[in-house]
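There are 2 protein chains.
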Amino acid sequence: MPGDRSITEAERLAEAKLGGIPIRREQMAAVANIYRAASAVRQHLENSVLRSSDLTWTAFVVLWVVWVWGESETRHVAEEAGISKGTLTGVARTLESRGLLRRIGHPTDGRLVLLSLTDKGEDFMQRVFPAFNEEEAFVTAQLSSAECRGLAEGLRRVVLQVEEHGEERRRALLDGAEPAPRRSGRRPRA
Amino acid sequence: MPGDRSITEAERLAEAKLGGIPIRREQMAAVANIYRAASAVRQHLENSVLRSSDLTWTAFVVLWVVWVWGESETRHVAEEAGISKGTLTGVARTLESRGLLRRIGHPTDGRLVLLSLTDKGEDFMQRVFPAFNEEEAFVTAQLSSAECRGLAEGLRRVVLQVEEHGEERRRALLDGAEPAPRRSGRRPRA
DNA sequence: GTCCGATCATTTGGAACCAAATTCTATGGC
DNA sequence: GCCATAGAATTTGGTTCCAAATGATCGGAC
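Just so you know, the protein sequences line up as chains F and R, in that order. Note that numbering that gives the first Met the number 0 has the first sequence beginning at 0, numbered continuously upward. Note that numbering that gives the first Met the number 0 has the second sequence beginning at 0, numbered continuously upward.
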């Protein structure tokens with residue numbers, strides 16, 4: 000079991016390594032565990048309900064977003080699902096080819112594309128979501144309902160902080176400096 | 000600001016959509032927010048400190064793991080970083096080519112490869128980690144230290160639950176059924 | 001009516017990523 | 001000593017994802 004030992008061990012070691020430097024330990028632990036938990040949950044769900052439905056995590060999230068929000072413009076779906084618009088184009092095409100999703104042009108604005116579930120897609124979610132939710136309950140089984148609420152609330156505040164002040168913060172950090180290009184992805188033309 | 004509105008709105012809509020079906024709302028909200036927070040945090044860090052250091056999230060995590068654990072065997076690093084061994088091979092090679100990481104064979108067991116930071120890598124982490132930690136503090140700014148501890152503890156329990164009971168659970172769910180082939184990755188030969 | 005900037009979705013190019021296959025090394029029987 | 005088995009990292013083949021570039025369309029200004 001690498002479990003408990005490795006998590007807390009890692010935190011202890013990190014502190015030791017930083018003996019001289021003053022660091023924010025609680026915040027470091029919180030962030031590290033957010034990412035670790037997200038990976039664990041995603042992997043568990045991919046290997047249980049999603050695998051047997053032959054759906055990737057991202058595809059399921061997209062489906063879920065359209066399901067709960069109803070017919071939506073793609074850019075909203077991408078934002079809500081936490082993926083880029085380019086990725087959504089591919090995922091939506093896959094889901095469309097599987098008959099779960101419908102893509103129709105906006106009636107008045109020709110630039111927009113609207114996504115909605117087909118009847119098959121609706122049936123699929125009615126059938127699969129309860130199984131998905133069952134696994135959500137499984138991974139949080141060590142927490143009471145109240146603790147789940149507390150956890151969700153704490154995480155919500157993290158999301159809010161980034162959504163509301165993230166851009167401003169990044170601007171302040173760079174402070175006039177170039178935005179620094181990414182290494183991967185299509186190269187700038189010039 | 001899609002912020003506050005969209006998160007709680009989404010949760011409300013999901014509940015409405017599931018009017019008839021009994022679901023575990025708290026658990027659903029907890030899981031949804033884990034993933035949402037992880038994406039937000041990763042994106043913020045990639046676009047601030049990591050971008051200007053020309054490092055991907057994964058590369059930084061690998062560097063961090065080797066930094067805090069010291070010289071380590073690759074399979075342990077992969078596990079700790081949450082990536083496959085194959086991915087680590089590529090990432091390690093990139094980091095080696097940039098002079099931050101060293102790869103040396105194990106002195107007695109020729110099958111093993113050990114990773115450690117170069118002096119340049121150590122300097123790099125000494126310089127960049129404080130900035131990274133500063134952003135960890137930023138994203139959790141809406142939480143007190145005690146709340147961070149509570150958050151980390153709750154997430155730790157989720158990770159533990161999956162690590163300790165996940166495999167068993169997945170086996171019980173399939174219950175004899177085929178493991179269901181994955182869609183991506185190299186195909187089996189036969 | 002036609003340019004022109006803004007705002008979409010889509011295409012494109014490259015890296016990240018995984019799991020199977022492969023290759024290399026160690027070790028235990030014989 | 002030799003071979004089979006096991007266990008390690010790496011290679012390979014494939015998908016997924018992002019960000020820049022592109023192409024389409026809208027809405028004004030003139």
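For each residue, glycine too, the CB sits at the ideal point set by N, CA and C.
Review point. Does the beta carbon of serine 144 of chain F sit closer than 8 Å to a beta carbon anywhere in chain R?
Key: yes
Practice item. Report the rounded CA-to-CA distance for glycine 165 of chain R versus alanine 171 of chain F, giving the unit in angstroms. Key: 43 Å
Check your understanding: The beta strand (DSSP E) spanning isoleucine 22 of chain F covers which residue range?
Key -> That residue, isoleucine 22 of chain F, is in no beta strand (DSSP E); it is neither H nor E in DSSP.
Practice item. Would you list, in sequence order, the uninterrupted beta strand (DSSP E) runs of no fewer than 3 residues that lie entirely inside the region 78 to 138 of chain F? Key: 100 to 104 and 112 to 116
Practice item. Answer with yes or no whether the minimum CB distance from phenylalanine 59 of chain R to chain F is below 8 Å. Key: no
Point to revise | Partners in chain R for phenylalanine 137 of chain F, counting only beta-carbon separations shorter than 9 Å | key: Gln26, Gln160, Val161, His164, Gly165 and Arg168
**Study point:** Straight-line gap, leucine 87 of chain F to arginine 110 of chain R (C-alpha atoms, nearest Å)
**Key:** 42 Å
**Study point:** C-alpha gap between leucine 114 of chain R and valine 76 of chain R, whole angstroms
**Key:** 8 Å
Point to revise | lysine 16 of chain F: contacting residues in chain R (beta-carbon distance under 8 Å) | key: Trp66 and Val67
Review point. So what does DSSP say about leucine 38 of chain F, is it helix, strand or coil?
Key: Here residue 38 of chain F turns out to be serine, not leucine, going by the sequence shown. Note: serine 38 of chain F maps to helix in three-state DSSP.
**Study point:** Contacting residues, own chain, Cβ-Cβ under 7 Å from serine 83 of chain R (five flanking each side not counted)
**Key:** Ala77
Review point. Opposite glutamate 72 of chain F in the DSSP bridges: which residues?
Key: F/Leu113
**Study point:** Same chain, Cβ closer than 7 Å to proline 1 of chain F, neighbours up to 5 away in sequence not counted
**Key:** Note on proline 1 of chain F: pLDDT 40, under 50, position unreliable in the model; the coordinate value appears next. No residues qualify anywhere along the chain.
Review point. Are there 16 or more other CB atoms within 10 angstroms of the CB of histidine 43 of chain F, so buried, or fewer, so exposed?
Key: buried
Exercise for review: Report all residues from its chain with a CB closer than 8 Å to the CB of glycine 104 of chain R; omit the five preceding and five following residues, and keep chain order.
Suggested key: Leu111, Val112 and Leu113
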